[in-house]
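Enquirer: Position one of the sequence shown corresponds to residue 3 (my numbering), numbered consecutively onward.
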Amino acid sequence: MPPQDPRFLPPTPFQRLVSTHAASVCADACVAASLAGSLFFAQPTNAARGDILLFLLLTMAPFSIVAPVMGPALDRIKGGRRLMVVGACLGRALLCLAMAQFITKPSPEGLIVYPLAFGVLVLQKTYAVARAALVPALVDDESELVKANSRLALISLIASMVGGAPALLLQWIFDASWSLVLAMLVFAVATALALKIPRTQVVQDEAEQRLESEELSQPSILLAGSAMAVIRIAVGVMVFLSAFSFKDDKI
Numbered sequence: 003m004p005p006q007d008p009r010f011l012p013p014t015p016f017q018r019l020v021s022t023h024a025a026s027v028c029a030d031a032c033v034a035a036s037l038a039g040s041l042f043f044a045q046p047t048n049a050a051r052g053d054i055l056l057f058l059l060l061t062m063a064p065f066s067i068v069a070p071v072m073g074p075a076l077d078r079i080k081g082g083r084r085l086m087v088v089g090a091c092l093g094r095a096l097l098c099l100a101m102a103q104f105i106t107k108p109s110p111e112g113l114i115v116y117p118l119a120f121g122v123l124v125l126q127k128t129y130a131v132a133r134a135a136l137v138p139a140l141v142d143d144e145s146e147l148v149k150a151n152s153r154l155a156l157i158s159l160i161a162s163m164v165g166g167a168p169a170l171l172l173q174w175i176f177d178a179s180w181s182l183v184l185a186m187l188v189f190a191v192a193t194a195l196a197l198k199i200p201r202t203q204v205v206q207d208e209a210e211q212r213l214e215s216e217e218l219s220q221p222s223i224l225l226a227g228s229a230m231a232v233i234r235i236a237v238g239v240m241v242f243l244s245a246f247s248f249k250d251d252k253i
């Protein structure tokens, strides 16, 4: 029997994750464009400083909420990684639909957008943790992990540009609520794609869990994590500084 054409083979579990990740990143870019254009750059620079500081704090807070509880929960629940990916995409779709109702309204109703945006960010970090934990279970060999993670990083870069452009266009033609509705629709697509990812479960004994905990507590790991946090903060500050400089015609 001649070998089957690979173009007509069903998607592998990892390919299903790649499709889900592309849709999720596109939707995240839609949300970022909506919030940037409506909450920050639509205001005078001085008036937007408080909102920017609040936004930066909101982006950091989810790590303190997600990190302590996600790892153990993902390991204990059968299919927990897949379930978390599905739940994070579905939850963000519902929150974007809610934000679309309030994003253009003045205070005090407009302030509801901030806790909703915080919920989106928490679910975004939840998705990131679950997706990273799901990758080793979906590749055929541990030697493919580097290649798989590189592919996901490339997809993130491309999808963020693809998702941000139509969101900005919708916001320019109509308003931010339209771009949030677009984000909701793309998150719904990501949810449907995530449901097709096969269930996985990783069983670790106490010795493996203790060894993993000791490795993650090494000074080199903690130092590298702290360095990455500082870099991310610096990048965030530079992005907002550059954007407002362009807005005020200082560059």
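Backbone N, C-alpha and C fix where the C-beta goes; we use that ideal spot for every residue, glycine too.
Return the chain-ordered ranges of every alpha helix (DSSP H) run that is complete within the region 81–160 and spans a minimum of 4 residues.
Expert: Runs found: 82–104, 115–140.
Enquirer: Starting from S179, follow the alpha helix (DSSP H) in both directions and report where the run begins and ends.
Expert: Numbered from 1 along the sequence shown, position 177 holds the residue referred to as residue 179. Looking at the DSSP string, the run of the alpha helix (DSSP H) that includes S179 is 178–196.
Enquirer: For V124, is the classification buried or exposed, using 16 other Cβ atoms within 10 angstroms of its Cβ as the cut-off for buried?
Expert: Taking the sequence shown and counting its residues from 1, the one referred to as residue 124 is at position 122. Buried, because 16 or more other Cβ atoms sit within 10 Å of the Cβ of V124.
Enquirer: Rounded to a whole number of angstroms, what is the C-alpha to C-alpha distance between R84 and L37?
Expert: As a working mapping, residue 84 is identified with position 82 in the sequence shown. As a working mapping, residue 37 is identified with position 35 in the sequence shown. Those two C-alpha atoms are separated by around 28 Å.
Enquirer: Can you tell me whether R234 is buried or exposed? The criterion is at least 16 other CB atoms within 10 Å of its CB, across all chains shown.
Expert: Looking up residue 234 in the sequence shown gives position 232. It counts as exposed.
Enquirer: T14: buried (16+ other C-beta within 10 angstroms of its C-beta) or exposed?
Expert: In the sequence shown, counting from the first residue as 1, residue 14 sits at position 12. It is exposed - the Cβ of T14 has fewer than 16 other Cβ atoms within 10 Å.
Enquirer: Identify whether T22 lies in helix, strand or coil by the three-state DSSP scheme.
Expert: Locating residue 22 in the sequence shown gives position 20, where the first residue counts as 1. In the structure shown, T22 sits in a helix (DSSP, three-state: H, G or I).
Enquirer: Could you check the C-alpha separation between M3 and D143 for me, to the nearest Å?
Expert: As a working mapping, residue 3 is identified with position 1 in the sequence shown. As a working mapping, residue 143 is identified with position 141 in the sequence shown. A caution first: M3 carries a pLDDT of 46, below 50, which makes its placement in the model too unreliable to give a value.
Enquirer: Given a threshold of 16 other Cβ atoms within 10 Å of its Cβ, counted over all protein chains shown, does V88 qualify as buried or as exposed?
Expert: Taking the first residue of the sequence shown as 1, we reach residue 88 at position 86. That one is buried.
Enquirer: L19 to A185, Cα distance in whole Å?
Expert: By 1-based counting over the sequence shown, the position of residue 19 is 17. By 1-based counting over the sequence shown, the position of residue 185 is 183. One C-alpha to the other measures close to 19 Å.
Enquirer: K127: buried (16+ other C-beta within 10 angstroms of its C-beta) or exposed?
Expert: Along the sequence shown, one-based indexing puts residue 127 at 125. Counting Cβ neighbours within 10 Å, K127 comes out buried, since at least 16 surround it.
Enquirer: Taking its Cβ as the centre, do 16 or more other Cβ atoms sit within 10 Å of Q220, making it buried, or is it exposed?
Expert: On the sequence shown, position 218 is the one that residue 220 refers to. Exposed: under 16 other Cβ atoms inside 10 Å.
Enquirer: CB-CB under 6 Å to A1, same chain, minus the five flanking residues each way: which ones, in chain order?
Expert: In the structure as shown, the chain begins at 3 and stops at 253. Residue 1 is therefore absent and cannot be evaluated.
Enquirer: Check M3 in the structure and name its three-state DSSP category.
Expert: Taking the sequence shown and counting its residues from 1, the one referred to as residue 3 is at position 1. Only weak support exists for where M3 lies, its pLDDT of 46 falling under 50; the value from the coordinates is given anyway. Looking at M3 - three-state DSSP - the assignment turns out to be coil, as it is neither helix nor strand.
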